Amino acid sequence: QEAALVELEALKFGDDTVTSRYIRQIDEKNSQAEALMNQNREKYLFARAILKDVKAGVNHLAGLLNIDVADLRRSPEPSSERESPLPDSTVPQILRVVEGRCMEMLSTI
607 QEAALVELEA LKFGDDTVTS RYIRQIDEKN SQAEALMNQN REKYLFARAI
657 LKDVKAGVNH LAGLLNIDVA DLRRSPEPSS ERESPLPDST VPQILRVVEG
707 RCMEMLSTI
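Numbering of the sequence shown is given in the working numbering, commencing with residue 607 and proceeding in unit increments.
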């Protein structure tokens, strides 16, 4: 960023003449970087949506199996009327408990 600011100042106030080819190169690099940023943003939004669905599914399975999710949380949080969302770090732990409970149910059949 520092280098870009120095280059900008040199272009604004310097005695050098800027060629149209150089401007096109900078514009092309800018377009490529913007396209990459938009692509990464789309990937992030997709992954975030999947994580949200996974967390909802794990929470739903825990509810069906009468697993108290609040007891499994690592950090005690103040209770509220509305259930607070699961922290990302507890999802694998809850999923292991759900899997264990399901295996117990299968072994009794």
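All C-beta atoms, glycine included, are put in the ideal place defined by N, C-alpha and C. Here the structure is a predicted model, which means the values were calculated and not measured.
Item to check | Minimum Cβ-Cβ distance from glycine 669 to chain D less than 8 Å | outcome: Among the chains of the structure shown, chain D does not appear; only one protein chain is present.
Checklist entry - Just reading off the alpha helix (DSSP H) that threonine 714 is part of, what are its end residues? => result 697-714
Checklist entry - Which value, in whole angstroms, describes the spacing of the CA atoms of valine 704 and leucine 651? => result 27 Å
Checklist entry - How about leucine 701 and valine 664: do their beta carbons lie closer than 8 Å? => result yes
Item to check | Segment limits, alpha helix (DSSP H) that includes isoleucine 601 | outcome: Because residue 601 is not part of the residues shown, which for the chain are 607 to 715, the question remains open.
Item to check | C-alpha gap between phenylalanine 619 and leucine 642, whole angstroms | outcome: 31 Å
Checklist entry - From this set, Arg627, Ser626, Ile632, which residue's C-alpha is nearest alanine 610's C-alpha? => result Ile632
Checklist entry - Relative to the alpha-carbon of aspartate 694, which residue among Glu640, Ser637, Ile656 has its alpha-carbon at the smallest distance? => result Ile656
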